[in-house]
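*Asks:* As numbered in our numbering, the sequence shown has no gaps in its residue numbers, which increase by one up to the final residue, 670. Just so it is clear, CB atoms sit at the ideal spot from N, CA and C, and this is done for glycine as well.
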Amino acid sequence: MATLVDSKGKELPVTMVQRWPVKVPIKAYKEKPRPYKLLETGVRTIDTLNPIVEGGTGFIPGPFGCGKTVLQHAISKQAEADIVVVAACGERANEVVELFTEYPELEDTRTGRKLMERTIIIANTSNMPVAAREASVYTAMTIGEYYRSMALRVLMLADSTSRWAQALREMSNRLEELPGPDAFPMDLPAIISSFYARAGYTLLNNGETGSITFLGTVSPAGGNLKEPVTESTKKVARCFYGLSQQRADGKRYPAVDPIDSYSKYLEYPEFAEYVSAKIEEEWLEKVNEAKTLLLRGKEVYEQINILGDDGVPVDYHVNYWKSEVIDFIILQQDAFDKVDQSTPVERQRYMLNHLLDLCNSNFEFDNFNEVGIYFKRIINQYKQMNYSEFESEKFNNFEKELNKIIAERKVA
Ligand SMILES: Nc1ncnc2c1ncn2[C@@H]1O[C@H](COP(=O)(O)OP(=O)(O)O)[C@@H](O)[C@H]1O
Ligand SMILES: [Mg+2]
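1. Rounded C-beta distance between Phe-498 and Phe-317? I'm assuming under 8 Å.
2. In the DSSP assignment, what are the bridge partners of Ser-469?
3. Ignoring anything shorter than 4 residues, give me the alpha helix (DSSP H) runs that lie fully in the region 558 to 610, in order along the chain.
4. Specify, as a first and last residue, the run of the beta strand (DSSP E) that Gly-316 falls within.
5. Quick check on DSSP: helix, strand or coil for Asp-624?
6. Go ahead and pull the three-state DSSP assignment for Ser-246.
7. If we ignore side chains and look at the alpha-carbon of each, how far apart do Ser-600 and Lys-266 end up?
8. In the DSSP output, what is Pro-437 paired with across the bridge?
9. Closer than 8 Å to a non-hydrogen atom of ligand 2 - does that hold for the CB of Thr-491?
10. With a threshold of 8 Å, establish whether the CB of Gly-325 neighbours any heavy atom of ligand 1.
11. Among residues of its own chain, excluding the 5 on either side of Ala-390, which ones have a beta-carbon nearer than 8 Å to its beta-carbon?
12. Go ahead and pull the three-state DSSP assignment for Ala-337.
13. Within the present structure, is the beta-carbon of Phe-322 separated from the nearest heavy atom of ligand 1 by less than 8 Å?
14. When every heavy atom of ligand 2 is checked, does at least one fall within less than 8 Å of the C-beta of Glu-353?
15. What first and last residue would you give for the beta strand (DSSP E) that runs through Ile-310?
16. Assuming Asp-585 and Arg-510 make a contact with CB atoms under 8 Å, what is their CB distance in whole Å?
17. Which of the three DSSP states is assigned to Cys-324 in this structure?
18. Considering only residues of the same chain and omitting the five flanking positions on each side of Asn-644, which have a CB-CB separation below 6 Å?
19. Using only CA atoms, which one of Leu-614, Ile-564, Thr-460 lies nearest to Tyr-294?
20. For the region 600 to 611 against the region 553 to 570, are there 3 or more C-beta pairs whose distance is under 8 Å?
21. For Glu-363, does the three-state DSSP call read helix, strand or coil?
22. Going by DSSP, what residue range makes up the alpha helix (DSSP H) through Ala-389?
23. Cα separation between Glu-659 and Ser-581?
24. Taking 8 Å as the line, does the beta carbon of Leu-307 fall inside it for any heavy atom of ligand 3?
25. Mind reading off the beta-carbon distance from Ser-420 to Val-487? Whole number of angstroms is fine, and I expect it under 8 Å.
26. How is Lys-662 classed by DSSP in three states: helix, strand or coil?
27. What would DSSP say about Val-343, mapped onto helix, strand or coil?
28. Alpha carbon to alpha carbon, what distance is there between Gly-566 and Glu-428?
29. In three-state terms, what does DSSP make of Leu-524?
30. Label Thr-359 either buried or exposed according to how many other C-beta atoms from any shown protein chain fall within 10 Å of its C-beta, with 16 as the threshold for buried.
31. Is Asp-417 close to ligand 2? I mean its beta-carbon at under 8 Å from any heavy atom of the ligand.
32. Got a sec? Which residues, its chain only, sit under 7 Å from Glu-392 by beta carbon, not counting five neighbours each side?
33. For Ser-477, which of Ile-537, Ile-284, Glu-349, Arg-302 has the nearest alpha-carbon?
34. Hey, would you say the C-beta of Glu-349 is under 8 Å away from at least one heavy atom of ligand 2?
35. Buried or exposed for Asp-264, please, with buried defined as at least 16 other CB atoms from any protein chain shown within 10 angstroms of its CB.
36. Determine the burial state of Lys-285: buried for a count of at least 16 other Cβ atoms within 10 Å of its Cβ, exposed for fewer.
Here it is in structure tokens:
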């Protein structure tokens, strides 16, 4: 066995050192069943609409500046995980510096201890060598597997996997391998899929369970989702959180597109069973209902755009504004507000039920102008609720006020 020496050539004790080749998965488990346990991230657009599970995989593609990094940092701060491994791969150095300066200050709300104590950061910024960049992502995954073998819930984040793929490309070109599409290595899809396959929910030999949930960002050049990295990732990752330039331009953060994004876990029967016990029985139907309302709102919006405000019935405006309420109150979330940045699932359930009640009510208006004015008042009250501690006096007062406004125009 090789010995470790310090800079003066003195031998170091090796008892604390574990050696493992990073491209070889650690398979210290008995079984890798399908994951099904909801992983709370505190981000409403994820938990309520397209949830991810413990041991699941997902990716966040989006053009530059749409909020990939902010979203990942938000998830890393508040997700229900024992260990968070962040691979900062090939992005700007100042973002990593932020992590290092911010995390030692922040408290983990679940344990009351410093976030840094459960966070591992593998930093490999854009000015570092490409070979190290390739290794950084594998190193992060291997560390994750190490902790998963100890029956812990690991959340692994990589920002960005496109930079990692670019490192693979440069290495492959220098080795004079036959290039594939866009000069990426021919086996890029296989490399990406075997990497994502290392995540997962495992039954360990001692009967305990462990998991690695993996979320990677993809930064496709020019926002083109048809390029090889996005396409290969789409085939393997089970959740897709597409960031939309249009939403980011409108400051509708997080800019996750509610219509294009998906979570394949919603189709797992074992997941449905889990959430109906954990959240509520009809939860998934309600989620679908919210999505339908958003889709209907989008359609109406396009019709209004074409036909003009008074070219459509007043009801169309009502439907559009109902979807706006869901957009403002569930989808949009301020990553920099102390209360709003993280919403526990119980609170998400409460709000979704309240919103669906509103959307299933009928309202009467004389003209379309009244509709916008009225619903803006409603949105404002809901927003104040989002910014207040759940079930605090302030929260309850805003809710009372809101219910009064709703009663003004609601018809039985
Ligand atoms: N959830 C959010 N709340 C408020 N502002 C946000 C949010 N997400 C992104 N932003 C804004 O967008 C900017 C760019 O986000 P960033 O995550 O760095 O983009 P990307 O990593 O996609 O290039 C941030 O500096 C911030 O001002
Ligand atoms: Mg970024």
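*Replies:* Well, looking at it:
1. Start at 1 with the first residue of the sequence shown, and residue 498 comes out as number 240. Start at 1 with the first residue of the sequence shown, and residue 317 comes out as number 59. That belief holds up - the Cβ atoms of Phe-498 and Phe-317 are roughly 6 Å apart, short of 8 Å.
2. Numbered from its first residue, the sequence shown carries residue 469 at position 211. Looking at the DSSP assignment, Ser-469 forms a beta bridge with Arg-411, Tyr-459.
3. 572 to 584
4. Within the sequence shown, numbered from 1, the residue matching residue 316 stands at position 58. Counting along the chain, the beta strand (DSSP E) containing Gly-316 begins and ends at 315 to 319.
5. Residue 624 sits at position 366 when you count from the first residue of the sequence shown. In the structure shown, Asp-624 sits in coil (DSSP, three-state: anything other than H, G, I, E or B).
6. Residue 246 is absent from the structure shown; the chain starts at 259 and stops at 670.
7. Position 342 of the sequence shown, counting from 1, holds the residue named residue 600. Position 8 of the sequence shown, counting from 1, holds the residue named residue 266. If you take the alpha carbons of Ser-600 and Lys-266, they lie about 49 Å apart.
8. Within the sequence shown, residue 437 is the residue found at index 179, counting from 1. Paired residue(s): Pro-443.
9. Taking the first residue of the sequence shown as 1, we reach residue 491 at position 233. False, no ligand heavy atom lies under 8 Å from that Cβ.
10. Position 67 of the sequence shown, counted from the first residue, corresponds to residue 325. Checking every heavy atom of ligand 1 against the Cβ of Gly-325, one is found closer than 8 Å.
11. Translated into positions along the sequence shown, residue 390 becomes position 132. Asn-382, listed in sequence order.
12. Looking up residue 337 in the sequence shown gives position 79. Ala-337: coil per DSSP, three-state reduction.
13. Counting from 1 along the sequence shown, the entry for residue 322 is found at position 64. Yes, the Cβ of Phe-322 comes within 8 Å of a heavy atom of ligand 1.
14. Position 95 of the sequence shown, counted from the start, is the residue given in the question as residue 353. Yes, ligand 2 has a heavy atom inside 8 Å of this Cβ.
15. Counting from 1 along the sequence shown, the entry for residue 310 is found at position 52. Ile-310 -> no beta strand (DSSP E), and no H or E assigned at all.
16. Along the sequence shown, one-based indexing puts residue 585 at 327. Along the sequence shown, one-based indexing puts residue 510 at 252. Correct: roughly 7 Å between the Cβ atoms.
17. In the sequence shown, residue 324 corresponds to position 66, counting from 1. Here Cys-324 sits in coil by DSSP.
18. Taking the first residue of the sequence shown as 1, we reach residue 644 at position 386. Only Asp-598 meet the Cβ criterion.
19. Along the sequence shown, one-based indexing puts residue 294 at 36. For Tyr-294, the closest alpha carbon among the candidates Leu-614, Ile-564, Thr-460 is that of Thr-460.
20. Contact fails: fewer than three Cβ-Cβ distances are below 8 Å.
21. Residue 363 sits at position 105 when you count from the first residue of the sequence shown. Residue state, collapsed to three classes: coil.
22. Here the question's residue 389 lines up with position 131 in the sequence shown. Here the alpha helix (DSSP H) through Ala-389 covers 388 to 406.
23. Counting from 1 along the sequence shown, the entry for residue 659 is found at position 401. Counting from 1 along the sequence shown, the entry for residue 581 is found at position 323. Taking the straight line from one Cα to the other gives about 21 Å.
24. The ligand content of the structure shown is limited to ligand 1 and ligand 2, which means ligand 3 is not among them.
25. Position 162 of the sequence shown, counted from the first residue, corresponds to residue 420. Position 229 of the sequence shown, counted from the first residue, corresponds to residue 487. Right, their Cβ atoms sit about 5 Å apart.
26. As a first step, residue 662 must be located in the sequence shown, where it is residue number 404. In the structure shown, Lys-662 sits in a helix (DSSP, three-state: H, G or I).
27. Here residue 343 is taken as the residue at index 85 of the sequence shown, counted from 1. DSSP places Val-343 in strand when its eight states are reduced to three.
28. Residue numbering aside, residue 428 sits at position 170 when the sequence shown is read from its first letter. Residue numbering aside, residue 566 sits at position 308 when the sequence shown is read from its first letter. Each residue's Cα considered, the two are about 52 Å apart.
29. Reading the sequence shown from its first residue, position 266 is the one you call residue 524. If DSSP states are grouped into helix, strand and coil, Leu-524 belongs with the helices.
30. The residue labelled residue 359 in the question sits at position 101 within the sequence shown. Label assigned to Thr-359: exposed.
31. As a first step, residue 417 must be located in the sequence shown, where it is residue number 159. Checking every heavy atom of ligand 2 against the Cβ of Asp-417, one is found closer than 8 Å.
32. One-based indexing of the sequence shown puts residue 392 at position 134. Closer than 7 Å at Cβ, skipping near neighbours: Trp-422, Ala-425, Leu-426, Met-429.
33. Here residue 477 is taken as the residue at index 219 of the sequence shown, counted from 1. Out of Ile-537, Ile-284, Glu-349, Arg-302, Glu-349 has the C-alpha closest to the C-alpha of Ser-477.
34. Here the question's residue 349 lines up with position 91 in the sequence shown. Checking the Cβ of Glu-349 against ligand 2 gives yes.
35. Counting from one through the sequence shown, the residue named residue 264 turns up at place 6. Counting Cβ neighbours within 10 Å, Asp-264 comes out exposed, since fewer than 16 surround it.
36. As a first step, residue 285 must be located in the sequence shown, where it is residue number 27. Answer is exposed; the Cβ neighbour count stays below 16.
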